[in-house]
Amino acid sequence: MRRPAGPPSRTVALLTANRSAVPCARTHPSIRSISELTTNPTSPRSSSEKKGKALSLAAEGSEPEPAAATAMSSALGVGGKEGPSAFSVDLVAAARRLLAFLRAGPPGVGRRSVRRYEELWLPLAVAEGGEGGGGGGEAPMLVPPPDVHLVWLCHCFHHESYSVYCLSRFGRLIDRPSILDAENEEYAEERCRDVWAAHYPSEPFDLHRNEIDGNSDDDIAYANANSEIVEMVRRYAGLAAHFASPFVREGVYHVAARRRYVCFLDLMKKVVGTTQDQTRLVPSLDILLMWLAHLSFPASYATDMVAMAISDNIAKMGVGYGEVVTDEVLKRTRALWEEAYDVPYDMAGSEVEMAAVRAAREAFYWAPAASDEDANRLYKSLQPRFLMEVYVFLKGESDKEHINKEFLRLRTQRCHRSLKLNKSMANLSCKNWQKTWHLYCEFATRGLLIEVRRTTTGCFRNSKFLKNISFSWSDMLHEKALALTEELEVRMRAMASITPPVQAPYLLKCVPDRVTDDGGAMISDVILRMRNYRPQEGRWLTRTVLDHGGRECFVIRMRIGRGIWRRGAETPVAVKWEDRSIEVREGSWSYVASTSSIGYAPEKVVGTATATKDQQENKVVWSLSTGYILTVNLGDELSFQLKSESLEEEARLLVGRRLSYRVNTDGASSNHNEEEQYLTLVRNSPDHHGDRATVLLNWKLLAVEFQPEEDAVFVLLLCMVIARTMTEIRREDVAGLLVRRRIGEARVGQRDWGSVMLPDLLSPDPNLQPWYRNAAQVLSSAETGAMLAKYSPADGKDVLYRQSLIP
1 MRRPAGPPSR TVALLTANRS AVPCARTHPS IRSISELTTN PTSPRSSSEK KGKALSLAAE
61 GSEPEPAAAT AMSSALGVGG KEGPSAFSVD LVAAARRLLA FLRAGPPGVG RRSVRRYEEL
121 WLPLAVAEGG EGGGGGGEAP MLVPPPDVHL VWLCHCFHHE SYSVYCLSRF GRLIDRPSIL
181 DAENEEYAEE RCRDVWAAHY PSEPFDLHRN EIDGNSDDDI AYANANSEIV EMVRRYAGLA
241 AHFASPFVRE GVYHVAARRR YVCFLDLMKK VVGTTQDQTR LVPSLDILLM WLAHLSFPAS
301 YATDMVAMAI SDNIAKMGVG YGEVVTDEVL KRTRALWEEA YDVPYDMAGS EVEMAAVRAA
361 REAFYWAPAA SDEDANRLYK SLQPRFLMEV YVFLKGESDK EHINKEFLRL RTQRCHRSLK
421 LNKSMANLSC KNWQKTWHLY CEFATRGLLI EVRRTTTGCF RNSKFLKNIS FSWSDMLHEK
481 ALALTEELEV RMRAMASITP PVQAPYLLKC VPDRVTDDGG AMISDVILRM RNYRPQEGRW
541 LTRTVLDHGG RECFVIRMRI GRGIWRRGAE TPVAVKWEDR SIEVREGSWS YVASTSSIGY
601 APEKVVGTAT ATKDQQENKV VWSLSTGYIL TVNLGDELSF QLKSESLEEE ARLLVGRRLS
661 YRVNTDGASS NHNEEEQYLT LVRNSPDHHG DRATVLLNWK LLAVEFQPEE DAVFVLLLCM
721 VIARTMTEIR REDVAGLLVR RRIGEARVGQ RDWGSVMLPD LLSPDPNLQP WYRNAAQVLS
781 SAETGAMLAK YSPADGKDVL YRQSLIP
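Taken in order, the sequence shown gives residues 1 to 807; the numbers are from the UniProt record's numbering.
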């Protein structure tokens, strides 16, 4: 059963006690994010009194729990090095708030914001801090305007410069308040509005979007703004995009990143203690996040650096964000890390080179959701997908006697049993950790298998199984480093590293099925016998909706005819054009006990679509029960207009694979025709900067991919009404709507849709690429022969369906 929407209640501690209870996306649809496994629910405060109490506690500093701090300090990674018992600020919570601000903050600011920061905010922070007591040095519990806040963060990221600036101007270091949760931050921002209005009544607290857009560096009125701070702000302009990978938001990622950050600081001290004092270290993605989160609290950062005996000269060894470094520096960082801790530096989700991050992200559309809400929680038949990035490393030497005959084969435990990624042992012997495989897997695959095989000659097989090792996702999620190491041979080890699983887009496709009557029963002699041969009323063209794992989750029906069929006497007739409605029912078929292919459609109708035709303006208007109106203009240039009756955000339906779904083609006519099969839904909402592709549909193959914030019923209705409209426009069965029987599908678990993908787009297997690059091959049925167009007379004459779909 699906849990109702609400705060999660599962914890890693509970799952550690019973590892068999680790959820699988296919069997536990209520688990929507890995955060639900690692965080405890907190009851929201509903009054300003509670908020004020919480703020007073936050003023004392946010510390991690002693037990958690001890656990993290006792295992800093596989190197087993001891570190500080705790930082003076909770870096996990600090990283979470930093990411939340970057996600919701202004996309960029300029000189006006720098002036507001220097001339208005800093003096206000000093004044309020002095009035707040605590020795006059405590940070005021205030959150500045978003544009000023961004400038403040960018200034704090340069700790030495910020410290010198504060001491020279104010005589002390101005700290940021330790507000580490969204509710207290909201309360502090509202309080700051009142304080700001009292001090600066003529200066607005919030700059409108057009004011921020006009907040350019060339504004003459603010030309004397501090050029050094302006340059700092410009340097961090792309920081939000740098941390845009969806798994970066997860709490377990932050815990693992904190431990690696401690190792990074420890490594800097080690390097300084040797003759390699000129060496610089490049932080990986996760370490950089922790470093910036630490720097965002200047007083805590200074205190912790003193406690760890790290001077400013040592801290300068770290390469900051935006600095350009050579390949030699990157290579040296990796070598020093592996020498110190005997693990790879570039773990899954911890890339060093931004080019690698972009390449992996552009390989397929894996973007963070616009919100944490899933619009499809109420659909019990629809199960989510969870995706993770996986690295597999090898280190050591293999048996030289059979090295030319042996090879390794990578397989998944479930969902994609046909996967066989082979690597020759002759190319794998290495004294250092070597990244051998890089792939993206669904959590439902359960884990990986690495087989050692030897080539043979024979009639029935060409390789012999020797041994194997396995990596389980559930076991790896219980590891603090999100990685496991296994002995592959006497002198060779294998390591698997994963990112936290995050919810991925839904994948649904519509497959042909039998015609149904008005009540939802399939037209069949079996049903007639069960009803004592009472004729079945009405005829509906029916499609079954399958998810990525081949499970039935919806049934779509299109009304075609009315009346009954009697042998030689009566036959159904077509209904009027405007009465040919489309409906979506939630759930799977209820099959008759004596058969596995005849049954009843689910009873619950969750969506409908009706059409009206405007002959004068040459357009078709579809009204969807989900609150949208789709207008299809039938002029010389086909276009689609989508409007919502309630939402104010802009939604555009564009022809082709757009934005993140774009596919580079050679411009041939065949590619142009293929592009016409796709439509991309693009939204522009206040919560997301710029355009965002949330739905991709192929109306010819009746397949859709959509983000969790999109309603599945709306997407299915949209796909079906467009398929029907295009069939009428082109006057041919372009979407296969005339097929009225079941088509054999690929065996479940053999190569489940989207279960495994490789970032290398040159992979010859289309099932290991994004489906929309080779949709016809990925979505092909198991039937290879020609379809027989022979249907039961009880369905109605073939002309009934042709005239209804192709008038």
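Heads up, the beta-carbon is just placed ideally off N, CA and C, and yes, glycines get one too.
7 Å Cβ cutoff met for residue i and residue j
i      : j      : result
Leu466 : Met476 : no
Thr725 : Leu737 : no
Ala95  : His208 : no
Ser284 : Ser350 : yes
Cys192 : Leu142 : yes
Arg97  : Leu180 : yes
Lys395 : Trp433 : yes
Ser398 : Ser429 : yes
Glu675 : Gly656 : yes
Leu716 : Val632 : no
Ala241 : Asp286 : no
Ala611 : Ser804 : no
Leu99  : His294 : no
Contacting residues, own chain, Cβ-Cβ under 6 Å from residue i (five flanking each side not counted)
i      : result
Ala521 : Ile527 and Tyr600
Pro793 : none
Arg539 : Val515, Ile560, Gly561, Pro572 and Gly796
Trp196 : Phe205
Ile498 : Ala348, Met388, Val390, Met476 and Leu482
Gln641 : Thr631
Tyr791 : Arg740
CA-to-CA distance, residue j to residue i, given in whole angstroms
i      : j      : result
Val490 : Glu710 : 51 Å
Thr278 : Met317 : The sequence as given places Gln at residue 278; Thr does not occur at that position. Roughly 8 Å separates the two Cα atoms.
Arg658 : Arg559 : 33 Å
Lys576 : Val502 : 46 Å
Arg172 : Arg234 : 26 Å
Leu541 : Asp517 : 9 Å
Tyr440 : Phe714 : 28 Å
Pro298 : Ala375 : 40 Å
Leu421 : Arg409 : 5 Å
Pro764 : Asn664 : 17 Å
Val126 : Ser623 : 58 Å
Glu339 : Glu373 : 43 Å
Ala54  : Tyr341 : Any reading at Ala54 needs caution, since the residue's pLDDT is 38, under 50, leaving its predicted position unreliable; the model's value is listed next. Looking at the two C-alpha atoms, the distance is approximately 40 Å.
Ser202 : Cys719 : 52 Å
Ala139 : Gly129 : 5 Å
Asp266 : Ala315 : 11 Å
Ala703 : Val621 : 22 Å
Val89  : Glu185 : 16 Å
Asp175 : Gly110 : 23 Å
Tyr379 : Ser163 : 54 Å
Same chain, Cβ closer than 8 Å to residue i, five either side skipped, listed in chain order
i      : result
Lys435 : Pro344, Asp346, Tyr391, Val392 and Phe393
Reduced DSSP category for residue i - H, G, I as helix; E, B as strand; rest coil
i      : result
Ile174 : coil
Asn684 : strand
Phe706 : strand
Arg724 : helix
Arg235 : helix
Thr571 : coil
His208 : coil
Gln503 : strand
Met317 : coil
Gly251 : helix
Cys415 : coil
Met347 : coil
Gln278 : coil
Thr326 : coil
Asn427 : helix
Asp614 : strand
Bridge-paired residues (DSSP) for residue i
i      : result
Ile629 : Ser623 and Lys643
Thr455 : Ser463
Ser590 : Tyr600
Tyr678 : Asn698
Pro512 : Arg543
Residue i: CB within 6 Å of a non-hydrogen atom of the ligand COA
i      : result
Met726 : Ligands are entirely absent from the displayed structure, and the ligand COA is therefore not among its contents.
Contact set for residue i: own chain, Cβ-Cβ below 7 Å, skip 5 residues either direction
i      : result
Leu419 : Arg411, Thr412 and Val756
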